[in-house]
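Residue numbers (the numbering used here): 556 to 882.
This is how it looks when you write it as structure tokens:
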């Protein structure tokens, strides 16, 4: 009996996991982390490791920073010979290349010249003129980016090329933030970078984390609420970032094949094994549209998604075959 009581007292004295939260601005958005840890000291170590990791990735992948690795790679184009790049940059470029091939250029990180042109258009509230648009398009094309997987190199083969990792970098960043946190033995975690989310084990006593699927309008409640564990979620759409020019609404999401901002009102949410994959697919499906986009998602049993589209007065919802049922 004494042994039994001693064991019981030991179990009772164990401190339960506590919820901790922290937020920092990185990559043009807020990185918010929620986690369950045994104490504040452990939580603070997790937060520091995760945010330091994200800051370092921003120094590699930001096209706003002229000294970042990706900016230096772009500014030195065209390259006569391949250029060796960091592990993180190559991983992102390789995933981008695979998706570019699969979507026939609907996803393309060489879209940088067009991104720069449309940022200028949004500032000036004026459509890019045809001459500038044609010049920018001449420097865009995923086939112009040569990658060497054996020696981890990248080569931009045409003058004026510029990489833009805005549709994939945050996905990689949330993956790496989660990995940094897990080195401390903390696994009940959610990292959210402005809609790019990576999810760990379920919170104590719960089946999973509650994730809202974004509606078409920013002031509307989530169209669905899902309970998820051990996966990544990314949302892409024009609810917040768009410009109205010449009586037409243009999304910040560009179609690399036409050089124009999307005019289709949509919100895409993807569930995938990694943030890297979810983020890039959300951008790709936005460009492909509901028919080809859902067809792409249905090729893999580990990937699912939903695309909400404004069609005249109607709002249509298109889901892939593996998308989870609503709570």
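Even glycine gets a Cβ: it sits at the ideal position worked out from N, Cα and C. Just so it is clear, the structure is predicted and the values come from calculations on it, not from any experiment.
Bridge partner(s) assigned by DSSP for residue 777: Looking at the DSSP output, residue 777 shares a beta bridge with no other residue.
Option in 785, 688, 702, 580 with minimal Cα separation from residue 674: From the listed residues 785, 688, 702, 580, the smallest Cα separation to residue 674 is found for 688.
Reduced DSSP category for residue 579 - H, G, I as helix; E, B as strand; rest coil: Assignment of residue 579 by DSSP, reduced to helix, strand and coil, places it in the strand class.
Residue span of the beta strand (DSSP E) that contains residue 872, given as start and end: Counting along the chain, the beta strand (DSSP E) containing residue 872 begins and ends at 869 to 874.
Member of 592, 571, 586 whose CA lies at the smallest distance from the CA of residue 737: Looking at 592, 571, 586, the one whose alpha-carbon comes closest to that of residue 737 is 592.
Terminal residues of the alpha helix (DSSP H) in which residue 859 lies: That residue, residue 859, is in no alpha helix (DSSP H); its beta strand (DSSP E) goes 859 to 866.
Of the residues 695, 654, 649, the one placed nearest residue 667, counting alpha carbons only: The shortest C-alpha separation from residue 667 is found at 695.
Secondary structure of residue 850, DSSP reduced to three states: Collapsing the DSSP output to three states places residue 850 in a helix.
Secondary structure of residue 717, DSSP reduced to three states: Residue 717 carries a coil assignment under DSSP once its states are collapsed to helix, strand and coil.
Within the region 739 to 790, ranges of the beta strand (DSSP E) (whole runs, at least 3 residues): Counting only runs of 3+ residues, the beta strand (DSSP E) found wholly inside the region 739 to 790 occupies 744 to 748, 751 to 754, 764 to 768, 779 to 783, in chain order.
Distance cut-off 7 Å: residue 652 Cβ against heavy atoms of the ligand ADP: This structure simply doesn't include the ligand ADP, nor any ligand for that matter.
Rounded separation between residue 565 and residue 856 - CA only: With a pLDDT of only 44 at residue 565, under 50, the local geometry of the prediction cannot be trusted, and the value read off the model is given with reservation. Pairing residue 565 with residue 856, the inter-Cα distance amounts to about 45 Å.
Closest Cα partner of residue 571 within the set 723, 595, 853, 703: Across the set 723, 595, 853, 703, the C-alpha of 595 shows the shortest separation from the C-alpha of residue 571.
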